[in-house]
Amino acid sequence: MDSALLIHRLHFAFTVTFHYLFPQLTMGLAPLIVAFKTLALRTNNQKYNAAARFWAKIFGISFVMGVVTGIPMEFQFGTNWSHFSRFAGGVIGQTLAMEGTFAFFLESAFLGLFLYGEKRLSPKAHWFSGLLVFLGAWISGYFIVATDAWMQHPVAYTKLADGSVTLASFWGLVFNPWALWQYAHNMAGAGLTGAFVMMAVGAYYLLSRVHVDQAKLYVKTGVIAGFLFALLLVGPTGDGQGRNVAQSQPAALAGMEALFKSQQGAPLLLMGQPDAASGRIDNPLAVPKLLSLLAYRSWNADIKGLDAFPQDEWPQNIALLYYSYHIMVGLGIIFMLVMLIAGIQLLRKKLYDTRWLLWVLMLCAPLPYVANTAGWMTAELGRQPWLVYGLMRTAEGFSKTVTAGNAWFTMLGFLGMYTLLAILFLFLVYRELEHGPGVVAAAASKKGVRK
Amino acid sequence: MPTLWFCITAVMVAVYVVLDGFDLGAGAIYLFVSRTDDERRKVIRSIGPVWDGNEVWLLAGGGVLYFTFPQLYASAFSGFYLALMMVLWMLMGRAIALEFRSHINTPVWKSLLDGVFAISSILLTIFLGAALGNVIRGVPIGPDKYFFLPLWTNFRVGANPGILDWYTILSGLCTAAALSLHGAHWVALKTDRDLQKRSRTAAAVLWPATLLLTILSGLATFTMHPWLLDNYKKFPPAYVLLLGVFICLGLMPWFRSKGKYLAAWYASALYLTLMLVAGIYALYPVILPATDPSRNLTVWNSVTSDYAMSIAIRWWIPGIILAVVYFVYIYRKFAGKVNLADGSDHGY
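First to last, the protein sequences are chains W and S.
Each residue of the first sequence is one higher than the one before, starting from 1 at the first, in my numbering.
Each residue of the second sequence is one higher than the one before, starting from 1001 at the first, in my numbering.
1. Along the chain, where does the beta strand (DSSP E) that runs through ASN283 of chain W open and close?
2. Could you tell me whether the region 1293-1310 of chain S touches the region 1066-1077 of chain S, using the rule of 3 or more Cβ pairs below 8 angstroms?
3. I want to see whether chain S comes within less than 9 angstroms of PRO31 of chain W, judged by CB atoms only; does it?
4. Alpha carbon to alpha carbon, how far is LEU321 of chain W from VAL392 of chain W? Give it in angstroms, no decimals.
5. Tell me which same chain residues have a C-beta within less than 7 angstroms of the C-beta of VAL201 of chain W, skipping the five on either side of it?
6. Given 8 angstroms as the limit, is there contact between the region 22-33 of chain W and the region 46-61 of chain W, that is, 3 or more CB pairs closer than that?
7. Less than 8 angstroms between the CB atoms is what I'm expecting for LEU1216 of chain S and LEU1179 of chain S, so what's the real figure, rounded?
8. Decide if the region 416-429 of chain W is in contact with the region 112-128 of chain W; the criterion is three or more beta carbon pairs, one per stretch, under 8 angstroms apart.
9. Leaving out five residues on either side along the sequence, give the residues of the same chain with a beta carbon under 8 angstroms from the beta carbon of ASN1160 of chain S.
10. Express the C-alpha separation of ALA254 of chain W and LEU39 of chain W in angstroms, rounding to a whole number.
11. With THR166 of chain W as the anchor, note down where its beta strand (DSSP E) starts and where it stops.
12. Give a yes or no on whether 9 angstroms exceeds the smallest Cβ distance from GLU1099 of chain S to chain W.
13. On the DSSP bridge list, what partners appear for GLY1093 of chain S?
14. Is DSSP giving ARG393 of chain W helix, strand or coil here?
15. Measure the C-alpha to C-alpha separation of LEU363 of chain W and GLN24 of chain W and round it to an integer number of angstroms.
16. Residues of chain S with CB closer than 9 angstroms to the CB of GLU74 of chain W, please, in chain order.
17. Restricting to Cα atoms, I'd like to know which of S:LEU1212, S:ARG1193, S:THR1304 and S:ALA1220 is closest to VAL1157 of chain S.
18. Which residue comes first and which comes last in the alpha helix (DSSP H) that contains LEU367 of chain W?
19. Quick check: the Cα distance between TYR1331 of chain S and ALA1263 of chain S, rounded to an integer number of angstroms?
20. Determine the chain W residues that contact LEU1082 of chain S at a beta-carbon separation under 8 angstroms, and present them in chain order.
21. In the structure shown, what three-state DSSP assignment does PRO267 of chain W receive?
22. Check whether the Cβ atoms of ALA308 of chain W and GLY226 of chain W sit closer than 9 angstroms, and answer yes or no.
23. Are the beta-carbon atoms belonging to HIS83 of chain W and SER399 of chain W less than 9 angstroms from one another?
24. Is CYS1007 of chain S close to chain W? Criterion is C-beta to C-beta, closer than 9 angstroms.
25. Considering only the beta carbon of each residue, do TYR389 of chain W and GLN152 of chain W sit closer than 9 angstroms?
26. Mapping DSSP to helix, strand and coil, what is TRP1152 of chain S?
27. Measure the alpha-carbon distance for ILE1044 of chain S versus PHE75 of chain W and round it to whole angstroms.
28. What residues of chain W sit near ASP1052 of chain S, judged by a beta carbon separation below 8 angstroms?
29. Go through the region 1036-1100 of chain S residue by residue and report every complete run of the beta strand (DSSP E) that reaches 3 residues or more, in order.
30. What are the start and end residues of the beta strand (DSSP E) that includes ILE1287 of chain S?
31. In whole angstroms, what is the alpha-carbon distance linking THR394 of chain W and ASP1144 of chain S?
32. Taking only runs that begin and end inside the region 1222-1291 of chain S, name each unbroken beta strand (DSSP E) of 3 or more residues, in chain order.
33. Run the CB neighbour count on GLY1250 of chain S, radius 10 Å, all protein chains shown included, and call it buried at 16 or more, exposed below.
34. Whole angstroms is fine: what's the gap from GLY100 of chain W's alpha carbon to THR1223 of chain S's?
35. Please state whether DSSP places ILE1104 of chain S in a helix, a strand or coil.
36. Could you tell me the boundaries of the beta strand (DSSP E) in which THR1304 of chain S lies?
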């Protein structure tokens, strides 16, 4: 592999992976914070306002990180992937510009008001500004997913004389069928991160026997939301997205499942180590015929293996693709089980006293991050060797004028910068957790308290 | 249609410069006008609720540029690679410093982030100006429409330019002075007592510097590229733009001496807008001049299809009206002098 290509790929992969650690939490927490604000308005119980205020702080820290690591993403389309931008800018520039116009303006305007304007606004107006921030975050998610969806499944374009593509149908681009499933699946994943983090913080407080009332609220909210999102992830959205891949990217599906040979009634591989060179799986553990059933709703459906495609159209890194996919699915099953047990304990009103389960809930906090990252790696590694599926290869898209040396220079800069940001983020969140949600009564009675 | 979108992009860039300009400028004069922690918090709080929204104009403008003139976006972003990456790092450092300064209440932490905030703000104002300088001076576009500029070569504006040379440094300094002046008007408007007095002094020092640098970079521009006057000669009423620049400059100290800081802020905002418009008008229809003029990127050879542009106008207009509504609402909500006592418990 040409070294400039490799470094440009690493550059984007690293910065986008790091970036997405933050929006998944903010997009996940946003609806939960709005739920707290709504309950506060309805019941006039100040514990909900205290919860909203506490989580808004965590949200705010994560949001700032998301903003600062997000700006480089739009830039990198031009800086590191200029040939791709020239080729596809006439199409995907639309969704990116719409994200700026419809989502970023909304979010940035009302976040300041939501975080710092509680005393300037009526309770209803404050609730509304929270709702608009939630809306902005989720709209932003849609336009980014729609951009990626076009690269996964290009639609609604025509070719121009100079070889580049331009938009042919606005609604075709915005309602790309790929985007709808991918968005639903992705947002369920983000919701899961928000729910698991909230639940884990509650479990940590309960285990520490501090802030008990707030902690119970966090665990309860987290378990209810987590149960819902875990169900949505596996059920309709994971299945829908999987069938998208099966229909439009059969080579990616074969790579994800490490299915080297085409066959009827293909098995679903649960575990094992694929070896792309020899086309063999070491230590396989498989369920016969299940893959055919899941992909095409028939036990004996014909599934194309990698041997059905020319080797230069295989995803280049079969092993990493296979592991990413299996980690995502494996974690999805674990989430379902944990949520099922926690849900049952919640209904039996024993959740807050089941200490082993609280330990599990606390330690699960990082796992949705792993699953979301693995999911995105599955999508993007599966798309290879294409940058725009079937239209432009990744090797054709990077900035030919930016040498490997220059790209290394900025890659190292980002590595250093992001290491500092990661330390700072963990430290600031730790401080907020240590500080805790504060005393509810004081928050209710005092106005104009400040540090 | 390409001309319309060219104008839209220009407007969005102008709004960005006027809005993010004052918060960058406030950052640039930050260490000079505010001494105590309370004063520093006041400066930060005067821009805190709005800086992120201001910066979105850059992203939204970038997005519009991306789909209307993909060739320009691709060529310019990869060509200015090193400068843009450094701008990114400074934007990130600045945002972090601004947002997290009050999260940790120790003097060392605050001093550290004060430094990061002020230095990145100053460097950003210089880089922003240098970027505009590059666009006016032109770049060595190759036959494939791409180029790559090193950070500097021999600091001359000849056939082998770098991102920094005497001309782009001059326009960087001019922008730094002008944005700092713009920021000083803002801080004077939003604060009172010592802080306001010092901002006034800062404005009084920055004004002659801005005047001098504006004249110098104007002369340098038209001596370097006499063809930039062509559009003015073709349509002489356009000279009004250049005249307006100096009228605005003249109005600033007058408003300041009368204590009308909002009017002074509007004057500096209009000055920045007219400077940009005058430059863009001179360039049109070129968007990025090449050292070899036959390879200039123009609105005609960098553009996407008419369909894409005519469909986009239909979402852009309602979208931008909404954005303007949010901005008017937010600025009204946070209008008036900054007051530390009314902050919520996790403010700046």
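Where is the CB? At the ideal position from N, CA and C, for every residue including glycine.
Note that the structure is predicted; figures quoted are calculated from it, not measured.
Judging by the given coordinates:
1. 280-287
2. yes
3. no
4. This sequence places Met at residue 392 of chain W; Val is not what is there. When rounded, the distance between both Cα atoms is 20 angstroms.
5. TYR218 and LEU433
6. yes
7. LEU1216 of chain S to LEU1179 of chain S, Cβ: 17 angstroms. No contact.
8. no
9. PRO1140, THR1153 and ASN1154
10. 47 angstroms
11. 165-167
12. yes
13. DSSP, once it has assigned bridges, lists no residue as partnering GLY1093 of chain S.
14. strand
15. 18 angstroms
16. LEU1059, GLY1062, GLY1063 and TYR1066
17. S:ALA1220
18. 367-383
19. 16 angstroms
20. ASN406, PHE409 and THR410
21. coil
22. no
23. yes
24. no
25. yes
26. strand
27. 27 angstroms
28. VAL67, SER108, LEU111 and GLY112
29. none
30. 1286-1288
31. 19 angstroms
32. 1286-1288
33. exposed
34. 38 angstroms
35. coil
36. First-last for THR1304 of chain S: undefined, no H or E at that position.
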